[in-house]
Amino acid sequence: MLINRAYKFRMYPNEKEQELINKTIGCSRFVYNYMLSLKKKNIKLSAYDLIKEIPNLVKNNSFLKEVDSCALRCAIFDLDNGFKKYYQRKVGYPKYKKKGVKDSYRTNYIKGEYKETTYESIKIDLQKGIIKLPKLKEVKIKGYRKLEKINGRIINATIEHIAKKYYVSVSVEEEIKEEENTYQNAVGIDLGVKSIVVTSDGEYYGNPDYLKKYEKKIKGLQKGLSRKEKGSKNYYKCQNKIQEVYRKLQNSRRKMNEEIVSKIIKNNNIIVSEDLSINEMIKEANKSLRKNIINSTMGDIIRRLEYKCKWLNKKLIKVNRYYASSQICSSCGNIKKEMKNLNKRKYECEKCGIEIERDLNASINIMYEGIIQNYI
Ligand SMILES: [Zn+2]
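Heads up, the sequence shown is in the numbering used here, so the first residue is 8 and it goes up one at a time.
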């Protein structure tokens, strides 16, 4: 079975290389924004129509010649993807990119032969700790020290500039062995606010309190940013600091989520979870920073579960979000409408007399519902 995997390395470009990376990021943002303006005038333009515009654009803006031309095309594909997702109602209408927000560019792997030598646009040598990228030649990287080489086909590389640091994320298609699987152990998981994950086995994972510290820092810095003059040195300094806090938050969340997911998967072959619809999450977005962080944490856990289940040939079942997992008694099937109130932390059933913690009750129901929907 083929799966996609991303390897993320810290990059150590020298001054000249940094300059070129920053230029390429700027140029791909320039192309993205220019093409978005064309698209706004004529929505029917396809990605290929836009690509045909590149030579003209380069003629009038010679600085575009200095950077990786593939990155310019990738900017158009990213824009096209943005529109596709918008029409599938997964994301909002594509916006103009601003400097200092998600500074990155992507370039695709291209292989060609010329005079009996093979050319590859992206190459990684883990022994030497080097990545070769178009126009950049060899740049130092660090990461995956235990790995000898990357087994698989490189698809593309995304180069990011975050808070004065550089990263490259290499997307690879890998062949993995499918494991024999007999579905025996099932577990239901409830994604909650008190604990990030509660399992039907009675395990509670991830206390969202750890987010508080980051939340406080981000809020403080955002307040500071709003007082600074846009475009000033101090404004960028503050923006950098915010990015750095977000990166730290992402790192610590990644570690926590990886741990949670491997523990859940270790002893179970069938994992049943709620189907968190992205649409709903977008509607809820911007409610509060805390809610956003928790939502994206849940989304990240689901993505990791999907990926790991595929990898290890386990089954992930998603139960409709509107299944009333918290209102049903997991012991006798009684329904209590008042459990809609999130503040009720305990399910006390008048019918069978059981008293059970709210999220644990929900996770047991989720497990049963998944099994019923798929096997009975
Ligand atoms: Zn009951």
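The C-beta atom is built at its ideal place from N, Cα and C for all residues, glycine as well. If you're wondering where the values come from, they're calculated on a predicted model, not measured in any experiment.
Report whether the distance from the Cβ of residue i to the nearest heavy atom of ligand 1 is below 7 Å.
i: Lys358; result: yes
i: Ile361; result: yes
i: Arg336; result: Contrary to the premise, residue 336 reads as Cys rather than Arg in this sequence. Answer for Cys336: yes, Cβ within range of ligand 1.
i: Cys339; result: yes
Which residues share a DSSP beta bridge with residue i?
i: Asn364; result: The sequence given here has Glu at residue 364, not Asn. Glu364 is bridged to Lys353.
i: Tyr126; result: Gly119
i: Val204; result: Leu198, Tyr212
i: Ser111; result: Glu167
i: Lys322; result: Ile277
i: Ser178; result: Ala13, Asn163
i: Ile383; result: Ile383 is not bridged to any residue.
i: Asn172; result: Per the sequence presented here, residue 172 reads as Lys, with Asn not at that position. Note: Lys172 sits in a beta bridge opposite Ile169.
i: Asp132; result: Ile137
i: Ile342; result: Ile335
i: Ala193; result: Ile277
What residue range does the beta strand (DSSP E) around residue i cover?
i: Arg17; result: 9-19
i: Tyr121; result: 118-121
i: Arg160; result: 160-169
i: Leu140; result: 137-140
i: Glu145; result: 144-149
Please report the residue range of the alpha helix (DSSP H) in which residue i lies.
i: Tyr329; result: Counting along the chain, Tyr329 falls outside any alpha helix (DSSP H), and DSSP gives it neither H nor E.
i: Val38; result: 22-48
i: Thr61; result: Note on identity: in this sequence residue 61 is Ile, with Thr being the wrong assignment. Start and end: 61-67.
i: Asp56; result: 54-58
i: Leu232; result: 217-234
i: Leu100; result: The question names Leu, yet the displayed sequence has Tyr at residue 100. Run containing Tyr100: none; DSSP gives neither H nor E here.
Using a Cβ-Cβ cut-off of 8 Å, state whether residue i counts as contacting chain B.
i: Arg260; result: Absence of chain B from the displayed structure is noted, only one protein chain being present.
| query | At a cut of 8 Å, does the region 85-93 reach the region 37-46 through at least three beta carbon pairs? | reply | yes
| field | Contact the region 148-165 vs the region 196-215: 3+ CB pairs below 8 Å | value | no
| Contact between the region 329-340 and the region 304-315 (3+ Cβ pairs under 8 Å) | no
| field | Touch test, the region 216-228 against the region 249-264, Cβ-Cβ under 8 Å, three pairs minimum | value | yes
| said: Can you confirm whether the region 362-376 touches the region 205-219 when touching is taken to mean that 3 or more C-beta pairs between the two stretches lie within less than 8 Å? | reply: yes
| Would you call the region 316-326 and the region 259-279 touching, i.e. three or more CB-CB distances under 8 Å? | yes
| the region 156-169 / the region 109-116 touching (three or more Cβ pairs under 8 Å) | yes
| Just checking, does the region 98-113 make contact with the region 130-148 on the three C-beta pairs under 8 Å criterion? | no
| said: If contact is defined by three or more beta carbon pairs under 8 Å, each pair taking one atom from either stretch, is the region 242-254 in contact with the region 336-344? | reply: no
| task | Decide yes or no for the touch test of the region 34-43 against the region 67-75: beta carbon pairs closer than 8 Å, at least 3 of them. | result | yes
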